[in-house]
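Residue numbers (our numbering), protein chains in the order written: chain A, 1 to 205; chain B, 206 to 410.
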């Protein structure tokens, strides 16, 4: 197994976290997305959409899209429930993550970390606030009555949402008003085999 | 089975199209999203994210997110391949659809159909052009060598991408430069049990 990844990416972290839980060995190939390394001819041959993470399996098949990779790796393990409705609800939360959460919270975080501060950047950041807090609100209302997102236990839905929620502050989002989300973050970080996003840092890095 | 839907929604059409292929009877409950009917307390109890489509199964379980609903309905049918890597590739295309295609092409279409023409709307539409054409380019390069998106046959990945691609012109996108995409649109519309997006209209409506 080979993982093409950029270490500051929450989408990549999802895959690294699940691989750690499953104790699957893999070769990490770092891709400097800021230097255009995910847009080279060689990379686009693996993923024409030019995004990390991508995995290459031992029989040389490539797979892109972080949440599709999570599903692929989790099938048949404890991280994906068996009942059909629960599997679908895991997917429901993962599609929610990519459509209603990531474009606001992760994008804001990326701009704050990697894009020069300008009036235009501030305007864009402001335009992301409402959607990001709406997504956190949806999570808060669900987690007020549930320890985990689906089926009362830790699944890849939690991994998918944890990745950027636990660093939401780095995107300018304040979790003070989201106590159920913060308690859930603690439950995720307490799972056996948990690893932080960046090597050598704590769970808040 | 009950489907909460807005008939002009491509996300809803995905579900209606698969239900037609599977010949599953259902009760359609129309939700006027323009009148705020997807934000009522009753609706938010089904989907706190306030979006259609939502299905309610015969045993009263609700499920949201169009592509999660497709996966739920397709499990065990010909519309979702069995091999693990193919299932994951179906998901890869469905996550691509929600992250890299829908926010550009479907959003532009919604604005053009339902939002007053202003300078601001024109600016927003222009900002969606590059991303939308990039998504069509990814599809074009893949479909140049493949009849369908995954495993050489019609799956829910095709249904998910067909929904807004076949009405891309309504979002201001010109498919003239995408001949492989246009041929694929024809193959989808020729599938047994195919239904158009809006009742009583052709496949281009």
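C-beta atoms are modelled at their ideal positions from N, C-alpha and C, and glycine is treated no differently.
Shortest alpha-carbon distance to residue i belongs to which of the options?
i                      : options                    : result
residue 378 of chain B : B:327, B:350, B:314, B:246 : B:314
residue 106 of chain A : A:27, A:161, A:48, A:85    : A:161
residue 156 of chain A : A:46, A:31, A:70           : A:70
residue 17 of chain A  : A:169, A:163, A:131, A:178 : A:163
residue 131 of chain A : A:145, A:4, A:101          : A:101
residue 195 of chain A : A:5, A:4, A:23             : A:23
residue 257 of chain B : B:265, B:233, B:388        : B:233
residue 252 of chain B : A:182, A:142, A:198, A:167 : A:142
residue 154 of chain A : A:67, A:129, A:133, A:184  : A:184
residue 94 of chain A  : A:169, A:135, A:146, A:21  : A:135
residue 169 of chain A : A:133, A:127, A:115, A:145 : A:133
residue 320 of chain B : B:215, B:396, B:391, B:239 : B:239
residue 218 of chain B : B:380, B:376, B:370, B:392 : B:370
residue 327 of chain B : B:259, B:376, B:396, B:372 : B:376
residue 280 of chain B : A:113, A:86, A:78, A:79    : A:86
residue 297 of chain B : A:120, A:119, A:191, A:55  : A:55
residue 215 of chain B : B:372, B:242, B:396, B:387 : B:372
residue 396 of chain B : B:331, B:230, B:283, B:332 : B:283
residue 334 of chain B : B:380, B:322, B:323        : B:380
Just to confirm before moving on: does the CB-CB distance between residue i and residue j stay below 8 Å?
i                      : j                      : result
residue 356 of chain B : residue 286 of chain B : yes
residue 270 of chain B : residue 96 of chain A  : yes
residue 267 of chain B : residue 206 of chain B : no
residue 345 of chain B : residue 304 of chain B : no
residue 278 of chain B : residue 224 of chain B : yes
residue 138 of chain A : residue 254 of chain B : yes
residue 30 of chain A  : residue 5 of chain A   : yes
residue 273 of chain B : residue 45 of chain A  : no
residue 308 of chain B : residue 83 of chain A  : no
residue 329 of chain B : residue 212 of chain B : no
residue 393 of chain B : residue 350 of chain B : no
residue 193 of chain A : residue 21 of chain A  : yes
In the DSSP assignment, what are the bridge partners of residue i?
i                    : result
residue 5 of chain A : A:30
Helix, strand or coil for residue i, going by three-state DSSP, please let me know.
i                      : result
residue 358 of chain B : strand
residue 203 of chain A : At residue 203 of chain A the pLDDT is 48, less than 50, meaning the model places this residue with poor confidence; the figure from the coordinates comes in the next sentence. Three-state DSSP puts residue 203 of chain A in coil, outside helix and strand.
residue 62 of chain A  : strand
residue 259 of chain B : strand
residue 402 of chain B : coil
residue 296 of chain B : helix
residue 340 of chain B : helix
residue 75 of chain A  : coil
residue 103 of chain A : helix
residue 254 of chain B : coil
residue 191 of chain A : coil
residue 166 of chain A : coil
residue 96 of chain A  : helix
residue 171 of chain A : helix
residue 366 of chain B : helix
residue 40 of chain A  : coil
residue 119 of chain A : helix
residue 148 of chain A : coil
residue 25 of chain A  : coil
residue 177 of chain A : coil
residue 80 of chain A  : coil
residue 222 of chain B : helix
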